[in-house]
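A short write-up of the structure that comes next.
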Amino acid sequence: MAGHSKWANIQHRKGRQDDKRGKIFTRLIKEITVAARMGGGDAGGNPRLRLAVDKAYDNNMTKDTINRAVQRGIGGLDGANYEEIRYEGYGINGAAVIVDCLTDNRVRTVAEVRHAFSKFGGNLGTDGSVAFMFKHCGQFFFAPGTDENKLIEAALDAGAEDVINNDDGSLEVVTGPHDFMAVKDALARAGFKPELAEVTMKPASEVEFTGEDAEKMQKLLDAIESLDDVQEVYTNAVIDQD
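For reference, each letter of the sequence shown is one residue, going 4 to 245 in the numbering used here.
Shown next, in the form of structure tokens:
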């Protein structure tokens with residue numbers, strides 16, 4: 004894709020996450036609580052909880068905070084009872100957007116998500132309207148200059164599905180969602196530390212936005228991400244940071 008640096012986009016995403024650390028903490032606490040409620044408080048036997056706890060530690064959350072969220076999930080502490088809801092919609096120029104939420108009030112959440120879409124030039128779609136454009140998978144990004152041959156060997160031996168060499172020299176390892184933790188542990192043992200590691204909805208193809216359209220699309224995504232009930236936002240839009 005001309006002019007599009009995958010690595011620059013990853014760095015930009017990380018910077019934006021750092022700017023919203025308080026919001027990230029709130030989301031992680033909710034995710035840990037729900038994961039513990041659904042699968043138990045033992046991260047060793049609960050992959051979803053393990054993933055959430057690892058992400059919390061990566062974001063410098065304290066062990067006490069994590070433990071309180073786990074206890075709330077397994078019933079040791081009072082707390083809201085959240086349900087998971089996914090919304091699908093369209094942004095500027097028909098860009099696909101998936102919004103994952105944890106909410107204790109479905110009516111409030113859908114109203115807020117619909118409002119954010121419509122206010123900034125998008126519209127909420129129906130279930131399945133854009134999900135087919137994405138693949139549920141694990142994803143690891145490594146900096147340009149990473150030893151490609153060694154990474155390929157370690158990743159494929161660990162059960163990864165693919166290793167992609169991007170035009171800017173960054174490397175991307177793709178796994179099945181249920182293989183994510185095993186591959187992450189294996190790569191760590193082999194000495195590889197990803198810049199970004201997540202279970203995500205990876206778009207089959209991407210649409211690059213520049214200029215005024217890029218600004219409009221970013222405002223729409225920011226409005227959705229700022230909602231209290233929103234956990235994750237996935238899109239096939241790539242915002243040009245120049």
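Just so you know, even glycine gets a beta-carbon here, dropped at the ideal spot from N, CA and C.
Under DSSP, A99 forms a beta bridge with Y93. In the displayed model, F212 falls within a strand according to three-state DSSP. Its chain contains A98, A99, M136, P206, S208, E209, V210 as the residues whose beta carbon lies nearer than 7 Å to that of N239, once the 5 sequence neighbours on both sides are disregarded; these appear in chain order. Nearest neighbour of D188 by Cα position, chosen from E175, D171, T213, A157, turns out to be A157. Sequence-distant partners of A39 (beyond 5 residues in either direction) whose C-beta falls short of 6 Å from its own C-beta, in its chain, are L52, V73, G76, I77. K187 carries a helical assignment under DSSP once its states are collapsed to helix, strand and coil. Looking at the DSSP output, T238 shares a beta bridge with V100.
Taking one beta carbon from each stretch, the region 144-154 and the region 192-201 have 3 or more pairs nearer than 8 Å; the two touch. Boundaries cannot be given for T129, as no beta strand (DSSP E) includes it and DSSP labels it neither H nor E. The closest CA to that of K26, considering only D232, V241, I242, Y237, is found on D232. Distance between N169 and N70, taken at the CA atoms: about 39 Å.
Ranked by Cα distance from V202, the first of A146, G48, D57, M41 is D57. Under the three-pair Cβ rule at 8 Å, the region 163-178 does not count as touching the region 107-124. With fewer than 16 other Cβ atoms inside 10 Å of its own Cβ, E86 counts as exposed. For L154, there is no enclosing beta strand (DSSP E); the residue is part of the alpha helix (DSSP H) that begins and ends at 151-160.
Taking C-alpha positions only, G131 is separated from E91 by approximately 7 Å.
Relative to N62, the option among N84, N96, L31 whose CA is nearest is L31. Rounded to the nearest angstrom, the Cβ distance from R89 to I101 is 7 Å, consistent with a contact under 8 Å.
According to the DSSP secondary-structure assignment, Q74 is paired through a beta bridge with no residue. The Cβ-Cβ distance between L174 and L154 falls below 7 Å. The beta-carbon separation of F212 and D243, rounded to 6 Å, stays under the 8 Å limit for a contact.
In the three-state DSSP reduction, M204 falls in the strand class (E or B). Going by beta carbons, D103 and Q234 fall inside the 7 Å limit.
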